[in-house]
Amino acid sequence: MFGRRSTSNAPATTPVPAGAGAKPAPRPTTGGAAAAPPRPPAPAPRTGSAARGQVSKDKVDQFNLLKMRLHRKLIDQLDLTRMVGEEETLREQVKELVSQLADQENTLLNFNEKQRLISEVLDETFGLGPLEVILQDPSISDILVNGPKQVYVERRGKLEITEVQFRDNSHLMHVIDKIVSAVGRRCDETCPLVDARLQDGSRVNAVIPPLAIDGACMSIRRFGADPITWDDYINFKSCTPEIRDFLSACVKAHLNILVVGGTGSGKTTLLNNLSTFIPDTDRIVTIEDAAELQLRQPHVVRLETRPANIEGKGRITIRDLLINSLRMRPDRIVVGECRGPETLDMLQAMNTGHDGSLTTLHANSTRDTVARVETMVMMAGFDLPVRAIRQQFASAINVIINAQRLTGGPRKIISVTEVTGMEGDIVTMQDIFAFEQLGVNGQGKAFGQFVATGIRPSFLERLKSSGCEVDPGLFQRKVLVTDDSE
Ligand SMILES: Nc1ncnc2c1ncn2[C@@H]1O[C@H](COP(=O)(O)OP(=O)(O)OP(=O)(O)O)[C@@H](O)[C@H]1O
Ligand SMILES: [Mg+2]
44 MFGRRSTSNA
54 PATTPVPAGA
64 GAKPAPRPTT
74 GGAAAAPPRP
84 PAPAPRTGSA
94 ARGQVSKDKV
104 DQFNLLKMRL
114 HRKLIDQLDL
124 TRMVGEEETL
134 REQVKELVSQ
144 LADQENTLLN
154 FNEKQRLISE
164 VLDETFGLGP
174 LEVILQDPSI
184 SDILVNGPKQ
194 VYVERRGKLE
204 ITEVQFRDNS
214 HLMHVIDKIV
224 SAVGRRCDET
234 CPLVDARLQD
244 GSRVNAVIPP
254 LAIDGACMSI
264 RRFGADPITW
274 DDYINFKSCT
284 PEIRDFLSAC
294 VKAHLNILVV
304 GGTGSGKTTL
314 LNNLSTFIPD
324 TDRIVTIEDA
334 AELQLRQPHV
344 VRLETRPANI
354 EGKGRITIRD
364 LLINSLRMRP
374 DRIVVGECRG
384 PETLDMLQAM
394 NTGHDGSLTT
404 LHANSTRDTV
414 ARVETMVMMA
424 GFDLPVRAIR
434 QQFASAINVI
444 INAQRLTGGP
454 RKIISVTEVT
464 GMEGDIVTMQ
474 DIFAFEQLGV
484 NGQGKAFGQF
494 VATGIRPSFL
504 ERLKSSGCEV
514 DPGLFQRKVL
524 VTDDSE
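Going left to right, the sequence shown walks through residues 44 to 529 as this note's numbering numbers them.
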């Protein structure tokens, strides 16, 4: 059920300093790392009520006490200064020591219990403690820790409670501290909100008391472990080959594209996939709050924002980076998300020769998007009439793609819309492709069909003159794919 432990030098979950990037860590092939020793059987993050109650609470408490005792003894006895070598070697040495310490205990443990004990003490020592077992499961996309005793995960679009628990709040705080200190940040009463990132690109947000009333909370958005590709989009019926090919032509022809959707709807994943269509010859500048994009092109400059320091100074925003990027001769600018004053700068950049730029924006629907942009621009204090903002928008954006997480979990591209211009004070748009939801099935999952709406985009000539011609037959009104999967 679980993937194998990472064979890289550092565990997949080791936090890395901000700016070190979300590209997959190089995997050394020396020292037998390519064939790491198999991990002892680890307990599954038991989910659901059936699994709960299998082990009596007393037994769990005893096990945890024993684990704590061993961990403490281990720390007392370890002389890290004398321990040298690759992590796998260190793990082996520590494993041996834990095994000896476990034998010295008076508690009777069967083989499986002993292996589990060793594995959990190793997780505490080298990884993120109780979270390690979840982090090794590639089917888990989000990990949501609500205080020390409640950990939810999202798998295939559905939230599930797990039986993973921390000993207490200070145990959880220790794990949070381990993550954030590795990226040069801290999380304490003066700084109770913090963003960080794990080496595999997973995005981490922590909120601690007093802001989090019931104990520290942590949200981890898994990323990079098993990235979603265009093939997945087609297999999951998140999109159709026709829509993919159309989007590919739009990106190659330097149209400006905006991905919109709600929280966790798949905007960043889509942006990542759209970027795969950018030719290798272009110079790309990416700008993000937390580096999640994984561009594979050779000529990419990656920029990441920086929070203020303890004195409240030195903050570098998306807007600062965007303005700076214009002096870096980009062919394409990819901004992870526009959510503040940078929105207007992004529109201006798109209007002033930086065609082919891509970004995302939080909006509940395509129709909502213009109003969201107006609000963001006005809240940023720019004194512009609404009509001027709309004009900027209409002339900057060519295509809006709406990503949504539908009832029951499936994530889909629910519309691909062309922005055609302005009529009076109104920004005009037309849907080219759409997902028509027809209902919700017995399992509570949305079903429906992808359709070509019958409308031909007005930029077909532009696609053609850029060498990205698409078959006009693609736009004839028809059902492309029906999704009625269970
Ligand atoms: N088409 C898809 N099918 C299945 N899972 C998907 C799909 N697209 C994205 N996901 C998963 O959904 C989760 C959220 O995706 P993503 O981070 O792209 O969303 P987002 O809209 O950018 O979220 P946020 O608003 O938090 O920035 C990720 O775990 C991702 O792997
Ligand atoms: Mg995102």
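All C-beta atoms, glycine included, are put in the ideal place defined by N, C-alpha and C.
From what residue to what residue does the beta strand (DSSP E) around residue i run?
i, result
"Asn-445", "442-448"
"Asn-278", "No beta strand (DSSP E) holds Asn-278; the alpha helix (DSSP H) holding it covers 273-278."
"Val-524", "521-526"
"Asp-474", "469-483"
"Cys-381", "375-381"
"Arg-454", "454-466"
"Val-18", "Examination of residue 18 is not possible in this model, given that the chain is present from 44 through 529 alone."
In whole angstroms, what is the alpha-carbon distance linking residue i and residue j?
i, j, result
"His-342", "Ser-400", "15 Å"
"Ala-249", "Leu-301", "29 Å"
"Glu-466", "Asp-411", "17 Å"
"Arg-159", "Val-103", "12 Å"
"Gly-383", "Ala-145", "55 Å"
"Ile-327", "Ile-271", "21 Å"
"Val-429", "Val-513", "35 Å"
"Pro-181", "Asp-243", "12 Å"
"Asp-388", "Asp-363", "10 Å"
"Gly-307", "Gln-143", "46 Å"
"Leu-523", "Arg-287", "12 Å"
"Ile-183", "Glu-135", "28 Å"
"Asn-407", "Gln-435", "21 Å"
"Asp-231", "Leu-254", "11 Å"
"Ser-262", "Ser-245", "10 Å"
"Arg-264", "Asn-394", "33 Å"
"Leu-506", "Thr-319", "18 Å"
"Phe-289", "Met-421", "34 Å"
"Thr-240", "Gln-208", "Looking at the sequence itself, residue 240 is Arg, so the reference to Thr does not match. Roughly 21 Å separates the two Cα atoms."
"Met-419", "Thr-386", "7 Å"
"Thr-460", "Thr-409", "8 Å"
"Lys-192", "Met-216", "13 Å"
Taking 8 Å as the threshold (C-beta atoms), are residue j and residue i in contact?
i, j, result
"Val-141", "Val-164", "yes"
"Ile-330", "Val-378", "yes"
"Asn-315", "Ala-259", "no"
"Ser-368", "Leu-390", "no"
"Val-294", "Ile-321", "yes"
"Thr-283", "Phe-493", "yes"
"His-397", "Ile-376", "yes"
"Pro-482", "Asp-526", "Residue identity check: residue 482 is Gly in the sequence provided, not Pro. Not in contact: Gly-482 and Asp-526 (Cβ atoms no closer than 8 Å)."
"Val-237", "Gly-172", "no"
"Ile-456", "Gln-473", "no"
"Ile-475", "Pro-500", "yes"
"Phe-478", "Asn-441", "no"
"Asp-185", "Glu-197", "yes"
"Gly-487", "Thr-450", "yes"
So is residue i in contact with chain B if we call contact Cβ pairs under 8 Å?
i, result
"Phe-209", "This model lacks chain B altogether; it includes just one protein chain."
Per DSSP, which residues does residue i bridge with? Please list them.
i, result
"Arg-198", "Ile-183, Lys-201"
"Ile-256", "DSSP lists no partner for Ile-256."
"Ile-222", "Ile-222 is not bridged to any residue."
"Asn-248", "Asp-238, Ser-262"
"Gln-492", "Glu-479, Thr-525"
"Ser-345", "According to the sequence shown, residue 345 is Arg rather than Ser. Looking at the DSSP assignment, Arg-345 forms a beta bridge with Thr-329."
"Leu-404", "Val-303, Cys-381"
"Asn-189", "Cys-260"
"Asp-231", "Cys-234"
Output the boundary residues of the alpha helix (DSSP H) element that contains residue i.
i, result
"Ala-437", "429-439"
"Thr-311", "310-318"
"Gln-486", "Run containing Gln-486: none; DSSP gives neither H nor E here."
"Met-371", "Met-371 -> no alpha helix (DSSP H), and no H or E assigned at all."
"Gln-158", "154-169"
"Phe-289", "284-295"
"Ile-359", "First-last for Ile-359: undefined, no H or E at that position."
"Thr-418", "409-422"
"Ile-177", "175-178"
"Glu-504", "503-508"
Under 7 Å, CB to any heavy atom of ligand 2. Which residues pass, going along the chain? Lys-310, Thr-311, Glu-335, Gly-379, Glu-380, Thr-403
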